[in-house]
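Okay, structure first, notes after.
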């Protein structure tokens, strides 16, 4: 078996050490203790993160999309492929070395996606960017930060997934916009939290690998209704909207 080769390391803002490894044509980014954060062969669910959001805002010809977490670029590349020339895609990454690796060690994985004129790259905390955004600034916010609402590496990621962070995302979305959240595991409490903030939310199981293979991950698709400002009436309408959407879905489907 071909051994893993350590290419480079980077220190995350909270002190965790990220390790970039390569084995043949395969890349892996792991943290201390061996937990794998991402792998170049397992991008199916990250691609679905973009696809499920863009399906929801399909009538928008010039979508403004914010992606939280560059990772290995699966979500970004899917968003590029599924949108037209008027789209604007902003990517937030808190670890600057990951952006550097995209253009060096992993250039064959990323291709030309960071040079696309529709794409802008920002170094920083996506949670702060959402809080600082003008009301209605985005049509879609896609979060693949840590391992989801129950994250491994940054306790500060609660700023994205806690109630205050979700309310900030609601404000930053245009009416009819969508917040999509990737997670390694189910979390029914997170669905309720989204609904409590006025979203019409559903949890969708997706496969880690393409062609329906690999372990199951979760994506929450949370729609900001085209009415109201997240008050009590919105919460009731969001619950009704979610129930209608769930009734129309095939039970147990995997996207």
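In full-length UniProt numbering, the protein residues as written are 1 to 255. We treat Cβ as the ideally placed atom computed from N, Cα and C, and that holds for glycine. The structure presented is a predicted model; accordingly, all values stated were derived computationally and were not measured.
Minimum C-alpha distance to residue i - residue among the options
| i | options | result |
| --- | --- | --- |
| residue 214 | 222, 205, 92 and 220 | 205 |
| residue 135 | 175, 164, 163 and 62 | 175 |
| residue 257 | 44, 12 and 47 | Residue 257 lies beyond the stretch modelled for the chain, which goes from 1 to 255, so this question has no answer here. |
| residue 54 | 78, 35 and 40 | 78 |
Whole-angstrom distance between residue j and residue i, CA atom to CA atom
| i | j | result |
| --- | --- | --- |
| residue 246 | residue 202 | No answer about residue 246 holds up, because its pLDDT of 43 lies below 50 and its placement is not dependable. |
| residue 64 | residue 190 | 25 angstroms |
| residue 145 | residue 1 | 32 angstroms |
| residue 142 | residue 108 | 24 angstroms |
| residue 82 | residue 49 | 12 angstroms |
| residue 165 | residue 103 | 31 angstroms |
| residue 16 | residue 224 | 34 angstroms |
Bridge partners - residue i, DSSP secondary structure assignment
| i | result |
| --- | --- |
| residue 47 | BP columns for residue 47 are empty, so no partner. |
| residue 26 | 23 |
| residue 66 | 90 and 141 |
| residue 9 | 19 |
| residue 61 | BP columns for residue 61 are empty, so no partner. |
| residue 159 | BP columns for residue 159 are empty, so no partner. |
| residue 123 | 93 |
Contacts around residue i, its chain only, beta-carbon distance under 6 angstroms, and the 5 residues preceding and following it disregarded
| i | result |
| --- | --- |
| residue 130 | 168, 169 and 172 |
| residue 21 | 4, 6 and 28 |
| residue 68 | 92, 126, 143 and 145 |
| residue 24 | 2 |
Nonlocal neighbours in the same chain, by C-beta distance under 8 angstroms from residue i, ignoring five residues either side
| i | result |
| --- | --- |
| residue 99 | 70, 93, 114, 121 and 123 |
| residue 183 | 147, 148, 149, 150, 190, 217, 218, 219 and 220 |
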